[in-house]
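Residue numbers (my numbering): 948 to 1609.
And the structure:
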């Protein structure tokens, strides 16, 4: 099971029968990654200028990013090995040059370059993790300069999202070592974090419905490490709250990992790859001061935590990351720059090293010595709800794929009219697929969407939708369909984009998950203003699947199915309404393969009746089972009954007329 990767030479670990990976492999990979960036260091060692497209912050900032993020990996190695002279000396040399104003490779100032405020947190965290071997060994002048440089970050503006933790970490390090930092600002930042907290250990990355892997690599990662850094200055109840939230979130974080180790492919910054493993390692370190005995006893087995983290690492090793140079590039496996956001530079992918935090734990820690235990997806069918995000997740051991239906996340506020982000607003995401990523996919949703199509072929957007109450097994959302006539700017942070919107009818979508398949019921309501329904067509799209060659396609009794060479099948069956099946073929829109196929169902303009119910069954399967097509009984919009051929359950959905329709 050991991934075939040139960075690995150790034999498979006998305690890891599922992944083959043990601590020696993680350490070997970490050392390989650190060696591989050395040729790209500036003369003084303060910048790591990696090859690749620059970020919007520029090459100088990108060089700091390369240093700071690889420094964090070196810090994990130093702490886990209780010191390593070679690593510490190289870091010390880089720090000395970075904070020397006269050095040609001095770091950009955080009060002048916003991205430097992000990297300041990695530097402060690394210095705390390695205090005996690095910070304590720096000369007094360098320490004074480091504190002065960090103080510029602590005194600067930080965005009202996960960025608040960069200032918290930096401020706490400053206070720990006699530097200048506002205690009032620190308390305000900690209070702001509480406004991000939602149910079951989940947090939103800002006031919008922003749910993604920042829950893993930021909003759980920093609070627990910060609490330990702060020591007695962190009130005990606060530290316990942070630990309890991680414990609450853990079951669903683990459930969002596929049997092949791939995490849910949703949200921005996916070039950080295996960074979602970060909270798994922290969970293994929770102690009696952070959780009471009963809560600690309910935590997942250390062997499962390591299996999840190692599986995640292995999934990206198999995709070719790091590459033949030993570098992490802007992509998912190999380089694929379209995965990046505007803030992503060549050093950005090295936030993946947060997922290597287990290396700060010694070799005799239980998380390294326990025998691997199966993931949830490997143990049996899984079905769960992440209420905060509006996600229902399902998986089955037959193919190991985790699928999520989405009626709560769009990275926007309710009632806004913005373009759909492919990373947030789709109706479904999985561990085996990614949404098509191209200029066209921003202008018009191409997969896992229900869109109204106007006379010139433009597809509507749903961002700003309204979450509706759950009805039995049905999860619902309603949006005022809108078309974006322009957008304010081309800055890509993975978020939906603002601009001028043209309004249309109301579109309500209900998802009923049956087994691992999803029935989508759609009801379109005319509005008194905006584009008339009579001029609009409708398109329902299914799962995108990618391959090196064109996925094959075939007509089925009630729809269409596309299949990859490996047997991944995306199907769409017509259930109700004036629909015709179709297939969208795309090129070079996915890091998973250059050829993409998306099953469709279309209704032509003039065929849609106000308040009529339309239904399609979408499926994504890696097994040989067929999706069970239900039968719909539509008395009127107030009573839609769904009967499944393999179940005695009958689902009933009521589509209410929007109160603000007229």
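Idealized CB from N, CA, C, for every residue including glycine.
Residue i, DSSP secondary structure in three states
i	result
residue 1333	strand
residue 1109	coil
residue 999	coil
residue 1549	strand
residue 1237	coil
residue 1416	strand
residue 1487	strand
residue 1577	coil
residue 1470	strand
residue 1427	strand
residue 1422	strand
residue 1031	coil
residue 1191	helix
residue 1054	coil
residue 1296	helix
residue 1069	helix
residue 1508	strand
residue 1126	coil
residue 1101	helix
residue 1586	strand
residue 1442	coil
First and last residue of the uninterrupted alpha helix (DSSP H) at residue i
i	result
residue 1007	1006-1028
residue 984	970-984
residue 1324	1323-1326
C-alpha gap between residue i and residue j, whole angstroms
i	j	result
residue 1237	residue 1179	13 Å
residue 1224	residue 1105	26 Å
residue 951	residue 1481	57 Å
residue 1186	residue 1068	19 Å
residue 1351	residue 1517	15 Å
residue 912	residue 1317	This structure does not reach residue 912, given that the chain is present from 948 up to 1609, and the question cannot be answered.
residue 1348	residue 1569	8 Å
residue 1582	residue 1549	23 Å
residue 1152	residue 1142	10 Å
residue 1057	residue 1359	28 Å
residue 1024	residue 1166	23 Å
residue 1298	residue 1265	19 Å
residue 1015	residue 1537	29 Å
residue 1085	residue 979	26 Å
residue 1222	residue 1013	16 Å
residue 918	residue 1130	Residue 918 is absent from the structure shown; the chain starts at 948 and stops at 1609.
residue 1456	residue 1423	6 Å
Continuous beta strand (DSSP E) stretch holding residue i: start and end
i	result
residue 1528	1527-1534
residue 1520	1516-1523
residue 1452	1448-1461
residue 1261	Residue 1261 -> not in any beta strand (DSSP E); alpha helix (DSSP H) instead, spanning 1249-1265.
residue 1395	Run containing residue 1395: none; DSSP gives neither H nor E here.
residue 1495	Neither: residue 1495 is in no beta strand (DSSP E) and is coded neither H nor E.
residue 1376	1375-1377
residue 1403	Per DSSP, residue 1403 belongs to no beta strand (DSSP E) and is neither H nor E.
Reference residue i; option with closest CA among the options
i	options	result
residue 1076	1422, 1398, 1169, 1540	1169
residue 1524	1555, 1442, 1513	1555
residue 1409	1160, 1152, 1462, 1353	1353
residue 1232	1266, 1421, 1255, 1194	1194
residue 1488	1504, 1463, 1531	1531
residue 1326	1446, 1390, 1204	1204
residue 1558	1564, 1585, 1541	1585
residue 1454	1447, 1411, 1420, 1437	1411
residue 1598	1419, 1014, 1542, 1260	1419
residue 1330	1460, 994, 986	1460
residue 1522	1053, 1467, 1041	1467
residue 1509	1458, 1534, 1567, 1484	1567
Any non-hydrogen atom of the ligand COA within 7 Å of residue i CB
i	result
residue 1301	Absence of the ligand COA from the depicted structure is noted, as is the absence of any ligand whatsoever, leaving it without description.
- Task: Decide if the segment 1243-1250 is in contact with the segment 1258-1278; the criterion is three or more beta carbon pairs, one per stretch, under 8 Å apart.
- Result: no
- Inspect the CB distances between the segment 1379-1387 and the segment 1328-1345 and report whether three or more fall short of 8 Å. no
- Are the segment 1373-1383 and the segment 1338-1356 touching, with three or more C-beta to C-beta distances below 8 Å? yes
- Message: Under 8 Å, with one C-beta from each stretch per pair, do the segment 1431-1441 and the segment 1305-1314 reach the 3-pair mark?
- Response: no
- Message: I'd like to know if the segment 1281-1294 and the segment 1250-1264 are in contact, where contact means that at least 3 CB-CB pairs between them fall below 8 Å.
- Response: no
- Query: With a cut-off of 8 Å, do at least 3 Cβ pairs link the segment 1195-1208 to the segment 1144-1155?
  - Reply: yes
- Message: Contact between the segment 1123-1134 and the segment 1090-1101 is defined here as three or more beta-carbon pairs at a separation below 8 Å; is this criterion met?
- Response: yes
- Should the segment 1003-1022 be regarded as contacting the segment 1290-1304, the criterion being three or more beta carbon pairs within less than 8 Å? yes
- Query: Using 8 Å as the Cβ pair cut-off and three pairs as the minimum, do the segment 968-982 and the segment 1210-1230 touch?
  - Reply: no
- Task: Answer yes if the segment 1488-1502 comes into contact with the segment 1390-1403, meaning at least three C-beta pairs across the two stretches below 8 Å, and no otherwise.
- Result: yes
- Query: Any contact of the segment 1000-1011 with the segment 1059-1067, i.e. 3+ C-beta pairs under 8 Å?
  - Reply: yes
- Could you tell me whether the segment 1396-1405 touches the segment 1491-1508, using the rule of 3 or more Cβ pairs below 8 Å? no
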